[in-house]
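Heads up, the thing below is written out as structure tokens.
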Amino acid sequence: MASPPTMAGPKPPPPLNMPPSNHTVKVSIIDSTTIANMPMAIMVKPPVLAGFSHVNCPSYSFLLEHPSGRTLLFDLGVRKDWENEAPVVVKQIRDAKVGMEIEKDVYDMLADSGRDPDAVEAIFWSHYHWDHTGNPARFPASTALMVGPGFKTRFPPAWPTVADSWLTEDAWEGRELKEVEFSTELKIGRFKAVDWFGDGSFYVLDTPGHLLGHICGLARTTPDTFILMGGDAAHHAGEIRPTEFVPLPASVALEGVRPGAGFPVPCPGELLLRRVHPRESATKPFYEPADGFNEDGPEAERSLEGVTEFDADENVLVVLAHDASLRDVVGFYPQEANEWKRKLWRDKGRWRFLTDFGAGLRTEEDGL
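Right under this line is the structure:
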């Protein structure tokens with residue numbers, strides 16, 4: 383699909399230097415979780431943009447299947463029995479007054495579709511926030527728990543040994559708890575990387591900042607295409623678009639969005655700049671991270687910029703864990719996601735987040 387005309391000339395992004403390989407993994411995006419009525423103010427600034435202040439956000443997980451039969455999970459979403467999280471987490475959820483809609487634990491989603499969840503070799507946590515950690519205790523002791531660098535400087539122990547801990551010790555009791563070691567010189571984009579299977583099919587990326595030990599996953603879906611599992615490197619697609627590499631289109635026409643649906647079709651880019659964008663820029667993202675939201679602000683900004691460089695590559699589909707705009711674009715588990723490029727998921731989903739701002743665009747004055 384040809385790129386539409388943009389409001390500024392795109393600059394070429396830095397090379398990602400993807401190592402070549404013909405080896406791939408099967409990828410499925412798992413959507414088991416909705417956190418309803420989440421305040422945007424927690425995550426980004428400005429807290430209210432064009433009337434958009436709250437979001438019903440997913441927390442995606444990923445199933446990765448290697449041709450050898452080895453199976454991995456990247457993130458687990460929210461556990462169905464979230465009331466059994468550590469007390470400090472339960473209090474935070476209740477105080478935030480968000481709605482929790484969890485269809486099933488990832489373990490049960492696998493089992494109910496005929497897969498053996500006990501065969502999962504390892505679970506990767508992008509980071510240890512409750513909306514990503516799920517319930518590893520559902521899995522057998524043979525399933526390892528992989529975490530990012532520095533995790534073991536804080537854990538274990540956890541709750542109940544530590545009363546105010548954000549994690550529960552049963553997540554790793556009886557199983558291997560191991561930090562991913564970025565000990566080689568391999569870098570993809572600006573990130574340190576580990577070739578997990580040793581054949582170029584799946585990489586773990588060191589993406590610090592949001593929280594100690596934050597990691598992303600990069601799966602090769604065909605020899606030339608990839609899915610970046612973004613975790614919480616960003617929380618809304620408006621944090622990574624537009625950029626100088628991916629400027630705002632002069633006109634935005636979104637497939638499946640019909641006139642009268644709350645978003646002008648097509649929508650002039652100039653109108654988005656004038657009515658919505660806080661900096662009126664065609665080359666800067668609509669959002670920035672909220673002050674104090676990330677543990678290490680400068681590192682988080684560096685990782686965020688690195689994700690935008692992946693996002694600029696036409697052969698990479700970036701899936702942020704909480705990107706609700708993808709829900710009516712991509713296919714979810716048990717469907718596979720490897721044919722995402724042929725199915726045009728990237729093109730169809732790239733600007734779909736703009737519909738969040740529809741209330742600030744439609745006025746009688748403009749006749750839209």
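Residue numbers (our numbering): 383 to 750.
All residues carry an ideal CB built from backbone N, CA and C; glycine is no exception.
Between glutamate 483 and the set Ser495, Asp463, Arg497, the nearest pair of CA atoms involves Asp463. Within 10 angstroms of the beta-carbon of alanine 418 lie fewer than 16 other beta-carbons, which makes it exposed. Tryptophan 554 is a Cβ neighbour of leucine 527, given a cutoff of 8 angstroms. For isoleucine 412, the enclosing beta strand (DSSP E) begins and ends at 408–412.
A distance below 8 angstroms separates the beta carbons of valine 689 and glycine 612.
When rounded, the separation of the alpha-carbon atoms in valine 502 and glycine 496 is 13 angstroms. In this structure, DSSP gives leucine 454 an extended state, which the three-state scheme calls strand. The Cβ-Cβ distance between threonine 665 and proline 629 falls below 8 angstroms. In the structure shown, methionine 422 adopts helical secondary structure according to DSSP, grouped into three states. Counting the other Cβ atoms within 10 Å of the Cβ of isoleucine 424 gives fewer than 16, which makes it exposed.
When DSSP reads this structure, isoleucine 484 sits in a beta bridge with Thr415. In terms of Cβ geometry, glutamate 561 and glycine 530 form a close pair [threshold 8 angstroms].
The continuous beta strand (DSSP E) containing glycine 599 extends over residues 597–604.
Cβ-Cβ separation between glycine 651 and valine 639: approximately 16 angstroms, too far for a contact (criterion under 8 angstroms). Isoleucine 609 is a Cβ neighbour of valine 701, given a cutoff of 8 angstroms. Between the alpha carbons of aspartate 695 and proline 469 lies a distance of about 42 angstroms.
Counting only runs of 3+ residues, the beta strand (DSSP E) found wholly inside the region 493–573 occupies 504–506, 526–529, 559–561, in chain order. Between serine 443 and leucine 455, the C-beta spacing is below 8 angstroms. In the DSSP annotation of this structure, the continuous segment of the beta strand (DSSP E) that includes proline 440 starts and ends at 436–440.
Per DSSP, reduced to three states, the secondary structure at alanine 390 is coil, with no helix or strand assignment. Residue burial annotation: glycine 433 is exposed, with fewer than 16 other C-beta atoms found within 10 angstroms of its C-beta. For glutamate 447 against lysine 408, the beta-carbon gap comes to about 4 angstroms, under 8 angstroms, which counts as contact. Residue range 443–447 is occupied by the beta strand (DSSP E) that includes serine 443, with no alpha helix (DSSP H) assigned at that position. Here DSSP, grouped into helix, strand and coil, assigns serine 403 to coil. Arginine 602 is a Cβ neighbour of phenylalanine 584, given a cutoff of 8 angstroms.
In terms of Cα proximity to proline 396, the closest of Lys427, Ile570, Ala672 is Ile570. Within the DSSP secondary-structure output, methionine 611 pairs in a beta bridge with Gly599, Val701.
Annotation for phenylalanine 506: Phe456, Met528 place their beta carbon closer than 6 angstroms to its own, counting only its chain and skipping 5 residues before and after.
The beta carbon of histidine 659 sits closer than 7 angstroms to those of Phe668, all from its chain and outside the five residues before and after it, given in chain order. Spanning the alpha carbons of isoleucine 597 and threonine 604 requires a straight line of approximately 22 angstroms. Of the other Cβ atoms in all chains shown, fewer than 16 fall within 10 Å of the Cβ of serine 524; this residue is therefore exposed. When the five nearest sequence neighbours on each side are left out, the beta carbons in the same chain lying within less than 6 angstroms of the beta carbon of phenylalanine 714 are those of Ile411, Asp413, in order along the chain. Taking the CA atoms as reference points, methionine 491 sits about 9 angstroms from proline 499.
When the beta-carbon positions are compared, glutamate 670 and valine 437 stay at least 8 angstroms from each other. Taking C-alpha positions only, lysine 574 is separated from glycine 516 by approximately 26 angstroms.
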